[in-house]
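Protein chains in written order, with the working numbering: chain A, 18 to 501; chain B, 166 to 408. Yeah, the Cβ is synthetic: ideal placement off N, Cα and C, and Gly gets one too. Below is one structure; the comments refer to it alone.
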């Protein structure tokens with residue numbers, strides 16, 4: 018398929034180019050970005066250093082189509098502390114990577130009037146909400162920087178759009194599977210959906226000939242294995258359809274998508290004994306988690322419009338897994354610990370197999386509104402049911418996001434004193450099950466193309482929910498950005 | 166007798182007012198006919214924003230317009246705004262396209278009273294709807310070199326209480342528009358610096374909006390203007406906005 022898509026795109030663009038009468042020059046633009054963060058604990062460690070050149074290339078063939086490319090050159094992270102040869106291995110001294118985020122051709126009125134096609138690596142953004150879009154699932158999430166939330170990776174795809182009056186019919190085909198990029202470093206903890214592991218295990222002799230033995234459990238760092246779908250045409254493709262239009266003063270759309278969820282799901286946990294103490298009161302265990310990417314059907318609906326002077330929008334995603342997914346736990350064999358050939362032992366306290374994703378449908382949705390005050394201040398409020406990593410009925414939490422910003426001095430200074438993301442996970446015990454992130458910031462627009470942002474992220478919470486897991490990671494940051 | 170005289174004066178005043186209103190309506194119509202004579206237009210737009218110290222910022226955009234209700238404008242400079250596009254459609258429907266998010270979004274109606282892209286023009290000022298549809302004529306008077314027309318907005322949500330428009334005598338094209346806020350204060354003045362006949366149409370190719378309150382001004386210069394390009398409604402659609 019890959020062999021087919023690229024030549025097809027080149028042929029189509031060539032045909033368009035030969036017909037084109039008004040070729041615009043290649044436009045080269047993009048931005049330079051520098052992000053640096055310090056964690057607010059005792060030693061004030063640097064927690065993030067990223068310097069990025071985002072190069073965007075566009076060439077329009079007036080009336081016929083467009084070529085787009087977006088390439089990131091990213092110097093990311095720090096030099097490793099245990100570097101052995103700093104002089105010649107520049108990619109270790111200054112870690113560096115590049116990636117083609119997008120590279121595609123767009124052709125207008127392809128074969129028939131009002132049919133547009135985009136072929137190649139592209140971002141297909143569905144949904145009307147801000148940042149959290151239950152219907153935006155064609156491209157996997159790029160969660161590498163958890164604070165740059167809402168980023169998605171480009172996907173190799175064929176996107177056809179047919180326009181008829183105020184309506185658009187869209188069909189998307191994704192031949193390959195691309196997994197989501199998970200958060201860098203220990204931010205992964207926010208999304209760790211692995212089975213909680215016990216602190217102790219009780220070993221009993223099956224015929225109660227010996228008193229039970231309570232063993233303290235110590236775990237080595239967990240290893241993760243990701244089972245990608247087999248790279249076969251029968252396994253990897255995803256597809257989607259969307260009907261969008263304008264009715265009763267509102268923009269409305271209905272969509273359907275089938276494919277692999279880009280976020281992994283725990284599939285198997287293997288717990289093995291590394292060693293035990295001589296008195297058998299402590300066992301040292303290794304844990305290996307295997308994760309898979311479940312197949313899922315997603316029915317989507319969204320709307321956007323205005324009520325009076327308020328912009329309103331809503332988005333609903335109904336997720337239907339193709340089957341029930343069960344996490345298998347392979348527990349350690351207590352007989353290995355005791356090492357007795359005469360007696361048989363069994364262990365209690367080790368988690369058992371459990372259903373991690375039921376086949377029953379579940380719905381995530383977002384309702385949002387924004388308002389611009391007469392003095393230019395901006396308020397955006399969203400209610401979110403179900404975060405991106407929450408799956409299955411009964412596992413979806415409610416979140417509230419509030420963003421308020423004020424501009425001063427001819428929009429040179431932007432202050433966001435209230436940027437809050439909050440959740441209460443259990444309304445019966447709210448004080449023990451909540452989380453919030455408070456993210457005030459100040460941005461100075463030095464020139465039209467240069468801006469510097471300084472802010473902080475204060476995280477707090479109790480319980481086991483998202484963000485409560487990372488409450489010790491308060492930070493301050495500085496971000497500098499230059500567009501060219 | 167006194168009562169009859171008063172009634173006569175009242176009748177005359179009412180009659181004169183009606184005549185003024187009639188003249189004002191005629192003038193407003195004539196002005197619209199001149200401004201909106203081309204079926205459509207395409208232009209490269211240069212926007213110079215002056216702050217109160219005279220410091221300049223420059224924006225550039227490609228703009229096309231059809232009739233009075235359809236307009237599509239796409240920024241080409243500065244780089245930070247490149248690709249941001251605005252679409253105006255009938256019935257006050259407006260969309261913005263944000264290339265960074267690959268998404269179009271409806272703009273709430275009240276945003277129209279806000280400044281457009283950091284300029285001294287509001288969305289309302291840039292609306293391509295004929296003046297006679299947006300404003301009621303109130304009065305008109307003739308001066309040595311033109312006409313002065315006073316109009317009030319039909320929309321209660323307008324940021325203005327009235328506009329005073331000075332027209333050229335020879336072609337009815339507006340020379341200057343004064344905008345008054347709800348308290349009756351002069352807050353903005355738009356001056357057409359260069360009105361020229363291109364082909365068969367009179368048009369302004371250089372105009373300035375001064376904000377008297379903020380002491381700032383914005384100049385818009387039209388380059389490469391072409392008329393009657395044969396645009397259709399399809400050229401002013403969300404599809405074209407995102408292309």
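In angstroms with no decimal places, state the Cα-to-Cα distance between residue i and residue j.
{"i": "residue 455/A", "j": "residue 129/A", "result": "51 Å"}
{"i": "residue 269/A", "j": "residue 216/A", "result": "51 Å"}
{"i": "residue 197/B", "j": "residue 484/A", "result": "59 Å"}
{"i": "residue 488/A", "j": "residue 92/A", "result": "27 Å"}
{"i": "residue 439/A", "j": "residue 403/A", "result": "13 Å"}
{"i": "residue 441/A", "j": "residue 417/A", "result": "9 Å"}
{"i": "residue 479/A", "j": "residue 408/B", "result": "47 Å"}
{"i": "residue 399/B", "j": "residue 405/B", "result": "8 Å"}
{"i": "residue 431/A", "j": "residue 496/A", "result": "14 Å"}
{"i": "residue 295/B", "j": "residue 323/B", "result": "15 Å"}
{"i": "residue 493/A", "j": "residue 415/A", "result": "27 Å"}
{"i": "residue 171/A", "j": "residue 188/A", "result": "17 Å"}
{"i": "residue 397/B", "j": "residue 330/B", "result": "31 Å"}
{"i": "residue 9/A", "j": "residue 222/A", "result": "Outside the modelled stretch of chain A, which goes from 18 to 501, sits residue 9/A, for which no answer is possible."}
{"i": "residue 236/A", "j": "residue 302/A", "result": "5 Å"}
{"i": "residue 205/B", "j": "residue 411/A", "result": "57 Å"}
{"i": "residue 337/A", "j": "residue 406/A", "result": "15 Å"}
{"i": "residue 285/A", "j": "residue 79/A", "result": "53 Å"}
{"i": "residue 390/B", "j": "residue 356/B", "result": "19 Å"}
{"i": "residue 402/B", "j": "residue 231/B", "result": "12 Å"}
{"i": "residue 501/A", "j": "residue 168/A", "result": "21 Å"}
{"i": "residue 177/B", "j": "residue 304/B", "result": "Below a pLDDT of 50, predicted positions are generally treated as unreliable, and residue 177/B, at 48, falls in that range; the measurement from the model is reported next regardless. Going by the C-alpha atoms only, they are around 16 Å apart."}
Can you give me the Cβ contacts of residue i inside the same chain, cut-off strictly under 7 Å, excluding the 5 residues immediately before and after it?
{"i": "residue 181/B", "result": "Residue confidence for residue 181/B is low, a pLDDT of 45 falling below 50, so the modelled location carries little weight; the figure read from the coordinates is stated next. The answer is none, since no qualifying residue turns up."}
{"i": "residue 272/A", "result": "143, 152, 257, 258, 259, 317"}
{"i": "residue 429/A", "result": "461, 462"}
{"i": "residue 394/B", "result": "205, 207"}
{"i": "residue 154/B", "result": "Only positions 166 to 408 of chain B appear in the structure, and residue 154/B is not among them; the question remains open."}
{"i": "residue 190/B", "result": "302"}
Residues of chain A with a CB under 7 Å from the CB of residue i: which are they?
{"i": "residue 142/B", "result": "Residue 142/B is absent from the model: chain B starts at 166 and stops at 408."}
For residue i, which residues in the same chain have their Cβ closer than 6 Å to its Cβ, ignoring the five residues on either side in sequence?
{"i": "residue 251/B", "result": "238, 261"}
{"i": "residue 123/A", "result": "82, 83, 135"}
{"i": "residue 75/A", "result": "44, 85"}
{"i": "residue 228/B", "result": "208, 210, 238"}
Cβ of residue i less than 7 Å from any chain B Cβ?
{"i": "residue 389/A", "result": "yes"}
{"i": "residue 137/A", "result": "no"}
{"i": "residue 46/A", "result": "yes"}
{"i": "residue 180/A", "result": "yes"}
Quick one: which chain B residues come within Cβ less than 8 Å of residue i?
{"i": "residue 268/A", "result": "271"}
{"i": "residue 125/A", "result": "408"}
Would you please verify whether the beta carbon of residue i is less than 7 Å from any beta carbon of chain A?
{"i": "residue 283/B", "result": "yes"}
{"i": "residue 267/B", "result": "yes"}
{"i": "residue 191/B", "result": "no"}
{"i": "residue 216/B", "result": "yes"}
{"i": "residue 182/B", "result": "The pLDDT assigned to residue 182/B is 46, lower than 50, so where the model puts this residue is not dependable, and the model offers no usable value."}
{"i": "residue 377/B", "result": "no"}
{"i": "residue 239/B", "result": "no"}
{"i": "residue 236/B", "result": "no"}
{"i": "residue 404/B", "result": "yes"}
Mind pulling the chain B residues with CB within less than 9 Å of residue i?
{"i": "residue 393/A", "result": "279, 280"}
Sorted by chain position, which residues of the same chain lie with C-beta nearer than 8 Å to residue i's C-beta, five sequence neighbours on each side aside?
{"i": "residue 194/B", "result": "297"}
{"i": "residue 233/A", "result": "216, 217, 298, 299, 300"}
{"i": "residue 311/B", "result": "331, 332, 333, 334, 340"}
Just to make sure I have the definition right: I need the residues of chain B whose C-beta is within less than 7 Å of the C-beta of residue i. Which are they?
{"i": "residue 273/A", "result": "Simply none; closest approach about 20 Å."}
Please list the residues of the segment 412-429 of chain A that have a C-beta atom closer than 8 Å to any C-beta atom in chain B, keeping them in chain order. 427, 428
Between the segment 315-348 of chain A and chain B, which residues of the former have CB atoms less than 7 Å from a CB of the latter, in chain order? 321, 322, 323, 326, 327, 328
When you check each C-beta in the segment 199-229 of chain B against every C-beta of chain A, which residues fall closer than 7 Å? 216, 222
Listed from N- to C-terminal order along the chain, which residues in the segment 140-171 of chain A have their beta-carbon within a distance smaller than 7 Å of any beta-carbon of chain B? 140, 142
Chain B contacts made by the segment 438-464 of chain A, where a contact means CB separation under 7 Å: none
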